[in-house]
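To start, the structure under review is shown below, and the notes come after it.
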Amino acid sequence: MKEFKRMWIVLGLITIGSFILLGYFGKEVYNEKPPIPTAFVDEDGKTLFTEDDIMAGQSAWQSIGGMSVGTVWGHGAYQAPDWTADWIHREVLGWLEQQAQREFGKSYADLSERDQATLHYDAQQAFRKNTYNKETGKVTLSADRVRSIEAVAAYYDKLFSDDPSLHKLREAYAMKENTLPKAESRAKLNAFFFWSAWAASTNRPDQNVTYTNNWPHEPLIGNQPTAENVIWSIISVVTLIFGIGCVIWIWAFFTHHEHEEPAVPARDPLTLVKLTPSQKALGKYLLIVAALFFVQVMLGGFTAHYTVEGQDFYGIPVADWLPYSLTRTWHIQSAIFWIATGFLAGGLFLVPIINGGKDPKFQKLGVDLLFWALIIVVAGSFLGQFVALKGWMNEKLNFWLGHQGYEFVEIGRLWQIALFAGLVFWLILMLRGIWAAFKAPGDKSLLILFTLAAAAIGLFYAPALFYGEHTHISVMEYWRWWVVHLWVEGFFEVFATSAVGFIFYNLGMVSKRAATAAALLAAMMFLIGGIPGTFHHIYFAGTTTPIMAVGALFSALEVVPLVLLGYEAFDNWTAQHKADWMKPMRWPLTFFIAVSFWNMLGAGVFGFLINPPISLYYLQGLNTTPNHGHAALFGVYGFLALGFTLMVLRYIRPTMKWNEKLMFTAFWSMNLGLILMLFTSLLPIGIIQANATINEGLWWARSAEFIEQNPIIHTLRWFRTVGDVVFILGAVAFGAQIVKGLLHREGGDAPAGKTETPVVPAVAETAPAVTITETINS
Ligand code: HEM
Ligand SMILES: [Fe+2]
448 MKEFKRMWIV
458 LGLITIGSFI
468 LLGYFGKEVY
478 NEKPPIPTAF
488 VDEDGKTLFT
498 EDDIMAGQSA
508 WQSIGGMSVG
518 TVWGHGAYQA
528 PDWTADWIHR
538 EVLGWLEQQA
548 QREFGKSYAD
558 LSERDQATLH
568 YDAQQAFRKN
578 TYNKETGKVT
588 LSADRVRSIE
598 AVAAYYDKLF
608 SDDPSLHKLR
618 EAYAMKENTL
628 PKAESRAKLN
638 AFFFWSAWAA
648 STNRPDQNVT
658 YTNNWPHEPL
668 IGNQPTAENV
678 IWSIISVVTL
688 IFGIGCVIWI
698 WAFFTHHEHE
708 EPAVPARDPL
718 TLVKLTPSQK
728 ALGKYLLIVA
738 ALFFVQVMLG
748 GFTAHYTVEG
758 QDFYGIPVAD
768 WLPYSLTRTW
778 HIQSAIFWIA
788 TGFLAGGLFL
798 VPIINGGKDP
808 KFQKLGVDLL
818 FWALIIVVAG
828 SFLGQFVALK
838 GWMNEKLNFW
848 LGHQGYEFVE
858 IGRLWQIALF
868 AGLVFWLILM
878 LRGIWAAFKA
888 PGDKSLLILF
898 TLAAAAIGLF
908 YAPALFYGEH
918 THISVMEYWR
928 WWVVHLWVEG
938 FFEVFATSAV
948 GFIFYNLGMV
958 SKRAATAAAL
968 LAAMMFLIGG
978 IPGTFHHIYF
988 AGTTTPIMAV
998 GALFSALEVV
1008 PLVLLGYEAF
1018 DNWTAQHKAD
1028 WMKPMRWPLT
1038 FFIAVSFWNM
1048 LGAGVFGFLI
1058 NPPISLYYLQ
1068 GLNTTPNHGH
1078 AALFGVYGFL
1088 ALGFTLMVLR
1098 YIRPTMKWNE
1108 KLMFTAFWSM
1118 NLGLILMLFT
1128 SLLPIGIIQA
1138 NATINEGLWW
1148 ARSAEFIEQN
1158 PIIHTLRWFR
1168 TVGDVVFILG
1178 AVAFGAQIVK
1188 GLLHREGGDA
1198 PAGKTETPVV
1208 PAVAETAPAV
1218 TITETINS
């Protein structure tokens, strides 16, 4: 610890400082969120929507899967419109039509461009003007606006019902018939959508910028990027270049260039210890990783198919039972579950190793209990979502047992609490083993960092409980991203770096000093960008310029460590050649190399593509986001969880040999499938959509008309099937390897039959008294 004291101090200051920023500006989210008026009234004082209507509408929206059906403020699914942008456009058109008739006696469409431009100016004045009265809490709307709002509401009422005249459109939007069956609930849903549109088109009091920083792009009312948006985007790019420059200078001047390479041990240190019962019990975790992974990719293919066939699967009408909103929800949730399971298994595998080669008391029981608890949460939450989206769930229970409607944290609140309890239980199982190692001599920095990252993963699920069903959506977004963003761009990265560093050190591949210094340095870089960078998700979620500024500035720094990961990949690559006994680690290591590659491309490059405020202003809600989401979430944490899974398998079945054909197919099909998905579908479609948003507005880029009349998009969407099939093949091969590996019989602890001669002897003579960690490099 002493040796790294200075680094710990810096890391501590970075973490505290970053959380102060995140918290301080979080207060701004609370203070400056768009008001929810007590009522929207017409000029005669007649009420259109009340605050209660809006809140009930938010609940109704959640009950149909919320962000799984289109988007609100750009967050959610990429099929169907962004309801905010769509509502604004329709309402403005309705308003323009009335003005055109009144002023020119003609339809708006028949006016000259000059006359249309005059009306656009008027529309801008009418819509952007804020008529919210702070005293009464009411917003007064002109008669023209009210007429237009009622027309849009009537149209939405039809769209979310089973009205035959909009059947084709529902198909194009992959919405099931009767998406929201009760007319009363649809009226509330309208209140909520209207409010989101009002906030996005109305100026903040005494300012010339809307509550959502002028997002979405809508030229008809002058919703254009703000000057601050452009300025902070430029600063963001420059910061990135500066950050990379600094790291290279520090690298060149301050790091020790002589490579301290430890003598590689003669035998695999991890096999010096007998497998413990808790480690052997991890087999079922691996099976669940493979099974959920398979289910997830199949659901992905199924969901993608809905983008071309709305309500059918190759002609079979399935949307009534398994609508797009449900398959997409399950697709995302199963990803989270199997990735988490892979991480949990990786962590639990290390516990006895850290604990000196033996299980803490009742560890196996704990491992088994956690497993079954996980199964209950997966099954329960999936069932709840099914019941909710079938329309069978009691409205009052939906938030607790059904579908919360918020992307990545959609499972019912009760399941969330259970999941949180499970993560804390995992943490306790981890800590019991780690505790003993703390008492052994030697520097503990790496272990502490690993422990802190594991603790943060468990504890940082808690912010998902910091909002309720009726929490203001800006506040909800703030906390939602505390979970999702801080996990993937903060603590998971630190966990990954320290866990892999820890494994390498335990294998005797790197010195403890080098592993510790590298992990601490990486943690600093990840957290300084990652923690305040959370704000890049809420530039336009009812927040103000400072949030955009902090988000743009710090999230640019997130990219710095990611573009330098080639070094880590190289270390992984060379490790497998260092000793004969490393050969069985070849495939897990290859997966770790993929992690570095996708961290650079998927997280770093594709993340930064959408990250500067000016990019996201136009790209929010387009296919460039799932392009990044897939490349980063699967590319980094998917491959990492699969790598952990393979590593655990390799040790709990020590005499097993990889089936080279299966592994080759698994690895390359997944990589190729992902590349095809990105480069032949998501990225080009995203770019074509970006063009449409920049020219016309967001409403157009996501409209059925634009998507369907564009032959390139149509072809690309079909073509996506090719990438999906290649990918699925990889998942199947991976699953086959896991099953084959788990079925492999060890023949006691001794090497199995002649054909499968182990590369590594698996039997430990005695379990060492001190931790292996200490025996290797001390
Ligand atoms: C391994 C690390 C990362 C993972 C796993 C990851 C994953 C994701 C996911 C799943 C989403 C949501 C996608 C959706 O709503 O469909 C997202 C959004 C986003 N990510 Fe990342 N990301 C990572 C790193 C980064 C980095 C380094 C940046 C840039 C500095 C970045 C910038 C963004 C932005 C700006 C959004 C918001 C897009 C939107 O709301 O439209 N991400 N990311
Ligand atoms: Fe993020």
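Quick note, my numbering runs 447 ahead of the 1-based positions in the sequence shown.
Each residue gets a CB set at the ideal place from its N, CA and C atoms; glycine is no exception.
Query raised in the report: For Lys449, which residues of its own chain have a beta-carbon under 7 Å away from its beta-carbon, when the five flanking residues on both sides are left out?
Result: Position 2 of the sequence shown holds residue 449. If we look at Lys449 and ignore the five residues flanking it on each side, it has no Cβ neighbours.
Query raised in the report: What do you get for Asp1196, buried or exposed, if any count of 16 or more other CB atoms within 10 angstroms of its CB means buried?
Result: By 1-based counting over the sequence shown, the position of residue 1196 is 749. At Asp1196 the pLDDT is 45, less than 50, meaning the model places this residue with poor confidence and gives no usable figure here.
Report task. Drop a sphere of 10 angstroms on the beta-carbon of Lys581, count the other beta-carbons inside from all chains shown, and report buried for 16 or more, exposed for fewer. Result -> Here the question's residue 581 lines up with position 134 in the sequence shown. Taking every protein chain shown into account, the CB of Lys581 has fewer than 16 other CB atoms within 10 angstroms, so this residue is exposed.
Query raised in the report: When we look at the beta-carbon of Asn478 and count the other beta-carbons within 10 Å, is it buried (16 or more) or exposed?
Result: Residue mapping note: residue 478 aligns to position 31 of the sequence shown, counting from 1. Around the beta-carbon of Asn478, fewer than 16 other beta-carbon atoms lie within 10 Å, marking it exposed.
Query raised in the report: Whose C-beta lies closer than 6 Å to the C-beta of Gly879 among residues of the same chain, with five residues either side of it excluded?
Result: If you number the sequence shown from 1, residue 879 lands on position 432. Note that residue 879 is Arg in the sequence shown, not Gly. Scanning its chain for C-beta atoms nearer than 6 Å, with the 5 sequence neighbours on each side dropped, one finds around Arg879 the residues Pro807, in chain order.
**Report entry** Closer than 8 Å to chain D by CB, Phe640
**Finding:** In the structure shown, chain D cannot be found, because there is only a single protein chain.
Query raised in the report: Can Gly980 be considered in contact with ligand 2, in the sense that its beta carbon sits closer than 7 Å to one or more heavy atoms?
Result: Position 533 of the sequence shown, counting from 1, holds the residue named residue 980. Yes, since a heavy atom of ligand 2 falls inside the 7 Å radius drawn around the Cβ of Gly980.
Query - Phe1017 classed as buried or exposed, judged by whether at least 16 other C-beta atoms fall within 10 angstroms - result: Here residue 1017 refers to the residue found at position 570 of the sequence shown. Exposed, since its Cβ has fewer than 16 Cβ neighbours within 10 Å.
**Report entry** Within 8 Å, strictly: CB atoms of Phe1091 and Gly793
**Finding:** Walking along the sequence shown from the start, residue 1091 turns up at place 644. Walking along the sequence shown from the start, residue 793 turns up at place 346. In contact: Phe1091 and Gly793 (Cβ atoms closer than 8 Å).
Query raised in the report: Do three or more CB pairs link the segment 937-950 to the segment 621-641 at distances below 8 Å?
Result: Contact fails: fewer than three Cβ-Cβ distances are below 8 Å.
Report task. Measure the CB-CB distance between Leu1009 and Ala1050 and report whether it falls below 8 Å. Result -> Reading the sequence shown from its first residue, position 562 is the one you call residue 1009. Reading the sequence shown from its first residue, position 603 is the one you call residue 1050. Yes. Within cutoff.
Query raised in the report: Expressed to the nearest angstrom, what Euclidean distance is found between the alpha-carbon atoms of Ile1223 and Ala699?
Result: Here residue 1223 refers to the residue found at position 776 of the sequence shown. Here residue 699 refers to the residue found at position 252 of the sequence shown. For Ile1223, the predicted structure reports a pLDDT of 36, less than 50, and the residue's modelled location is therefore unreliable. A value from the coordinates is still provided. Spanning the two alpha carbons is a distance of roughly 30 Å.
Query raised in the report: Could you check where the alpha helix (DSSP H) with Leu1036 kicks off and where it finishes?
Result: On the sequence shown, position 589 is the one that residue 1036 refers to. Segment 1033-1045, the alpha helix (DSSP H) holding Leu1036.
Query raised in the report: Any chance the CB of Val1083 is under 7 Å from a heavy atom of ligand 4?
Result: Judged by which ligands are present, ligand 4 is missing from the structure shown, whose ligands are ligand 1 and ligand 2.
Query - Start-end ranges of the beta strand (DSSP E) lying completely within the segment 488-576, minimum 3 residues - result: You should have 494-497.
Report task. Evaluate Lys891 with the Cβ neighbour count: other Cβ atoms within 10 Å of its Cβ, from every protein chain shown; 16 or more gives buried, anything less gives exposed. Result -> In the sequence shown, residue 891 corresponds to position 444, counting from 1. Counting Cβ neighbours within 10 Å, Lys891 comes out buried, since at least 16 surround it.
Query raised in the report: Is the number of C-beta pairs between the segment 686-697 and the segment 776-784 that are closer than 8 Å three or more?
Result: Per the Cβ contact rule, the segment 686-697 is not in contact with the segment 776-784 (fewer than 3 Cβ pairs under 8 Å).
Query raised in the report: What is the C-beta distance between Gln1184 and Leu1109, in whole angstroms, given that I count them as a contact (C-beta under 8 Å)?
Result: Start at 1 with the first residue of the sequence shown, and residue 1184 comes out as number 737. Start at 1 with the first residue of the sequence shown, and residue 1109 comes out as number 662. Confirmed, Cβ separation roughly 4 Å.
Requested in this report: Pull up the CB-CB distance for Phe829 and Ala1178, whole angstroms please, since I reckon it's below 8 Å.
Outcome: Numbered from its first residue, the sequence shown carries residue 829 at position 382. Numbered from its first residue, the sequence shown carries residue 1178 at position 731. The pair is not a contact, with the Cβ atoms about 19 Å apart (cut-off 8 Å).
Query raised in the report: In terms of alpha-carbon separation, which member of Ile895, Ala911, Ala903, Leu816 lies closest to Gly869?
Result: Here residue 869 refers to the residue found at position 422 of the sequence shown. Residue nearest to Gly869 within the set Ile895, Ala911, Ala903, Leu816 is Leu816 (criterion: CA-CA distance).
**Report entry** Backbone CA spacing between Asn676 and Phe1001 [nearest angstrom]
**Finding:** Residue numbering aside, residue 676 sits at position 229 when the sequence shown is read from its first letter. Residue numbering aside, residue 1001 sits at position 554 when the sequence shown is read from its first letter. Each residue's alpha carbon lies about 15 Å from the other.
Report task. Could you say which of Met1032, Pro672, Thr1127, Ala1078 lies nearest to Thr1102 if we only look at CA atoms? Result -> By 1-based counting over the sequence shown, the position of residue 1102 is 655. The residue with the shortest Cα to Cα distance from Thr1102 is Met1032.
Query raised in the report: From the DSSP output, which residues share a beta bridge with Asn655?
Result: Position 208 of the sequence shown, counted from the start, is the residue given in the question as residue 655. Asn655 pairs with nothing; no bridge assigned.
Query raised in the report: Given Tyr732, which residues of its chain have a CB within under 6 Å of its CB, disregarding the five upstream and five downstream residues?
Result: Within the sequence shown, the letter at position 285 stands for residue 732. Cβ neighbours of Tyr732 beyond the five flanking positions: Thr788, Ala792.
Query raised in the report: Relative to the C-alpha of Gly470, which residue among Phe982, Phe640, Thr1112, Gly1013 is closest?
Result: Position 23 of the sequence shown, counted from the start, is the residue given in the question as residue 470. Of Phe982, Phe640, Thr1112, Gly1013, the residue nearest in Cα terms is Phe982.
Query raised in the report: With Thr1112 and Leu1036 assumed to form a contact (beta carbons below 8 Å), what rounded beta-carbon distance in angstroms separates them?
Result: Along the sequence shown, one-based indexing puts residue 1112 at 665. Along the sequence shown, one-based indexing puts residue 1036 at 589. Not a contact, Cβ separation roughly 18 Å.
**Report entry** Spatial neighbours of Ile501 in its chain, beta-carbon cut-off 7 Å, leaving aside the 5 residues before and after
**Finding:** Position 54 of the sequence shown, counted from the first residue, corresponds to residue 501. For Ile501, where only same-chain residues beyond five positions count, the Cβ hits under 7 Å are Ile483, Ala638, Phe639, Trp642.
Query raised in the report: Does at least one heavy atom of ligand 1 sit under 7 Å from the Cβ of Glu854?
Result: Counting from one through the sequence shown, the residue named residue 854 turns up at place 407. Yes, the beta carbon of Glu854 sits closer than 7 Å to at least one heavy atom of ligand 1.
Requested in this report: Label Thr1071 either buried or exposed according to how many other C-beta atoms from any shown protein chain fall within 10 Å of its C-beta, with 16 as the threshold for buried.
Outcome: To locate residue 1071, count along the sequence shown from 1; it is residue 624. Within a 10 Å sphere around the beta-carbon of Thr1071 sit 16 or more other beta-carbons, which makes this residue buried.
Query raised in the report: Going by the beta-carbon positions, is the gap between Leu458 and Ala970 smaller than 8 Å?
Result: Looking up residue 458 in the sequence shown gives position 11. Looking up residue 970 in the sequence shown gives position 523. Taking 8 Å as the cut-off, the beta carbon of Leu458 is found closer than this to the beta carbon of Ala970.
Query raised in the report: Which residues bound the beta strand (DSSP E) around Leu588?
Result: Position 141 of the sequence shown, counted from the start, is the residue given in the question as residue 588. 585-588 is the extent of the beta strand (DSSP E) around Leu588.
Query raised in the report: Less than 8 Å separating the beta-carbons of Ser515 and Arg775?
Result: Numbered from 1 along the sequence shown, position 68 holds the residue referred to as residue 515. Numbered from 1 along the sequence shown, position 328 holds the residue referred to as residue 775. In terms of Cβ geometry, Ser515 and Arg775 form a close pair [threshold 8 Å].
**Report entry** Residue burial classification, Lys1201 (beta-carbon count within 10 angstroms, cutoff 16)
**Finding:** Translated into positions along the sequence shown, residue 1201 becomes position 754. Summary for Lys1201: the model assigns pLDDT 36, below 50, so the residue's position carries little reliability, and this model does not support an answer.
Query raised in the report: Can you name, in chain order, every residue of its own chain whose Cβ lies under 8 Å from the Cβ of His1077, other than the five neighbours on each side?
Result: Position 630 of the sequence shown, counted from the first residue, corresponds to residue 1077. Within the same chain, His1077 has close Cβ partners Gly1049, Leu1121, Met1124, Leu1125, Leu1129.
Query raised in the report: Cβ-heavy atom distance between His1077 and ligand 2 below 7 Å?
Result: Position 630 of the sequence shown, counted from the start, is the residue given in the question as residue 1077. Remark: the shortest separation between the CB of His1077 and any heavy atom of ligand 2 does not fall under 7 Å.
Report task. Pick out whichever of Gly915, Ala884, Phe885, Ala1148 has its Cα sitting closest to the Cα of Leu844. Result -> Along the sequence shown, read from residue 1 onward, the residue named residue 844 stands at position 397. Out of Gly915, Ala884, Phe885, Ala1148, Gly915 has the C-alpha closest to the C-alpha of Leu844.
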